[in-house]
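Remarks on the structure that follows.
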Amino acid sequence: STSLLGWGPDPVFSPSTVTSSTPLTPDIVSLTVDYGGRVDEFTKAGQYVQVRAPGSNDDKAVAYLAVSAAPRDAKESGTLDFIVKRSDSTAYLFEGGGPRSLSVSQPMGSGFGASDVLRGYPDFPVSRFVLACTGTGISPVASLLRSGELELGGGRSAKLYWGVRTKEAWQDDLLESLEGLGVDCVPVYSTPVQSERVGYVQNAIEEDGVQVPRNTAVVVVGQRGMADAVRKIAEDAGVAKDRILSNF
Numbered sequence: 148s149t150s151l152l153g154w155g156p157d158p159v160f161s162p163s164t165v166t167s168s169t170p171l172t173p174d175i176v177s178l179t180v181d182y183g184g185r186v187d188e189f190t191k192a193g194q195y196v197q198v199r200a201p202g203s204n205d206d207k208a209v210a211y212l213a214v215s216a217a218p219r220d221a222k223e224s225g226t227l228d229f230i231v232k233r234s235d236s237t238a239y240l241f242e243g244g245g246p247r248s249l250s251v252s253q254p255m256g257s258g259f260g261a262s263d264v265l266r267g268y269p270d271f272p273v274s275r276f277v278l279a280c281t282g283t284g285i286s287p288v289a290s291l292l293r294s295g296e297l298e299l300g301g302g303r304s305a306k307l308y309w310g311v312r313t314k315e316a317w318q319d320d321l322l323e324s325l326e327g328l329g330v331d332c333v334p335v336y337s338t339p340v341q342s343e344r345v346g347y348v349q350n351a352i353e354e355d356g357v358q359v360p361r362n363t364a365v366v367v368v369g370q371r372g373m374a375d376a377v378r379k380i381a382e383d384a385g386v387a388k389d390r391i392l393s394n395f
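Below, the structure is given as structure tokens:
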């Protein structure tokens, strides 16, 4: 059997209570759901779930949401956290304070597999991660950084390029928390912000260059145009293809 996108198992939905729904902007909401006993199934940063309104059997109304919490934190709290953008399949999350419950599938996908790249090429160990994402693509990247899977410190660093439209308070809070994990964060704005990087994520990475590519791994989450451009920049610089990771 296959899922809606043609890979992986069919989703198995179960009712989940919404424990928190906090608008971050008119078009972005921070969502927490009580995942109960199924939380042990969320094992890898980068995994996602399918979500739909309770009682809905409309396959077109299914949203694919990547978890923003680290697996160990989710297990401790029994909840899953998401950063969700308004779209046709998520519009109901923004109405009247949002729904009290949702139908949520099992965690899907194999995650980023970042720990695997730390074990390969012993002569050229990974000493640097470059992470690229846009908008709510920060959700699975935050999960990865919070998970400790990158084993930062002790000579291994991470630099995050995050493409966003405008400067918002919730972004600053999130960036501050990620910088607290030892991540060098570079927000890239598509509308001019004084003293900040402006333009496209891929251009910012190209301008900075990929330092020591044979010891670098790249994580990319976002629309195909950006993801393909970042992948090409990394490959052209000399990053090994199997060290360029995505969660889809």
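Counting the sequence shown from 1 gives a position; our numbering is that position plus 147.
The C-beta atom is built at its ideal place from N, Cα and C for all residues, glycine as well.
Query raised in the report: Under 8 Å between the Cβ atoms of Leu299 and Leu328?
Result: yes
Query - Leu178 - partner residues in DSSP beta bridges - result: According to DSSP, Leu178 bridges with Ser168 and Phe229.
Query raised in the report: Who are Tyr336's beta bridge partners in DSSP?
Result: Val311 and Val345
Query - Helix, strand or coil at Gly193 according to DSSP, with G and I counted as helix - result: coil
Query raised in the report: According to DSSP, is Val366 helix, strand or coil?
Result: strand
Query raised in the report: Cβ atoms of Ile352 and Ile285: under 8 Å apart, would you say?
Result: If you check the CB distance, Ile285 and Ile352 do not come in under 8 Å.
Report task. May I have the straight-line CA-CA distance separating Ile391 from Asp383, to the nearest angstrom? Result -> 12 Å
Requested in this report: Would you kindly check if the distance between the Cβ of Val165 and the Cβ of Pro254 is under 8 Å?
Outcome: no
Query raised in the report: Roughly how many angstroms separate the alpha carbons of Lys388 and Gly243, rounded to a whole number?
Result: Near 46 Å, if we compare the C-alpha coordinates of Gly243 and Lys388.
Report task. Give every residue of the same chain whose Cβ lies closer than 8 Å to the Cβ of Asn362, excluding the five residues on either side of it in the sequence, and list them in chain order. Result -> Phe271, Pro272, Val273, Ser274 and Arg275
Requested in this report: With DSSP as the reference, label Arg303 as helix, strand or coil.
Outcome: strand
**Report entry** Whole-angstrom distance between Gly346 and Ser257, CA atom to CA atom
**Finding:** 31 Å
Query raised in the report: How about Ala289 and Leu297: are their beta carbons less than 8 Å apart?
Result: No Cβ-Cβ contact shorter than 8 Å links Ala289 with Leu297.
Query - Rounded distance between the beta-carbons of Gly301 and Val335, thought under 8 Å - result: The Cβ separation is near 28 Å, so there is no contact.
Query - In chain order, each alpha helix (DSSP H) run of at least 4 residues that lies wholly inside the stretch 217-302 - result: If we require 4 residues or more, the alpha helix (DSSP H) runs fully inside the stretch 217-302 come out as 218-224, 261-264 and 285-294.
**Report entry** 8 Å Cβ cutoff met for Ser163 and Val176
**Finding:** no
**Report entry** Contacts around Phe189, its chain only, beta-carbon distance under 7 Å, and the 5 residues preceding and following it disregarded
**Finding:** Val214, Pro218, Ala221, Leu227 and Pro254
Query raised in the report: Going along the chain, which residues of its own chain have a beta-carbon closer than 8 Å to the beta-carbon of Gly385, five neighbours each way excluded?
Result: Val357, Pro360 and Arg361
Report task. Within 10 angstroms of the Cβ of Lys314, are there 16 or more other Cβ atoms? Answer buried if so, exposed if not. Result -> exposed
Requested in this report: For Ser393, collect the residues of the same chain with a Cβ closer than 6 Å to its Cβ; drop the 5 residues on either side in sequence, then sort them by chain order.
Outcome: Val367
Query raised in the report: Straight-line CA distance for Val206 to Arg199?
Result: A small fix is needed here, since residue 206 is Asp in this sequence, not Val. Each residue's alpha carbon lies about 9 Å from the other.
Requested in this report: Measure from the alpha carbon of Thr283 to the alpha carbon of each residue in Lys379, Ser168 and Arg233, then state which is nearest.
Outcome: Sorting Lys379, Ser168 and Arg233 by C-alpha distance to the C-alpha of Thr283 places Arg233 at the top.
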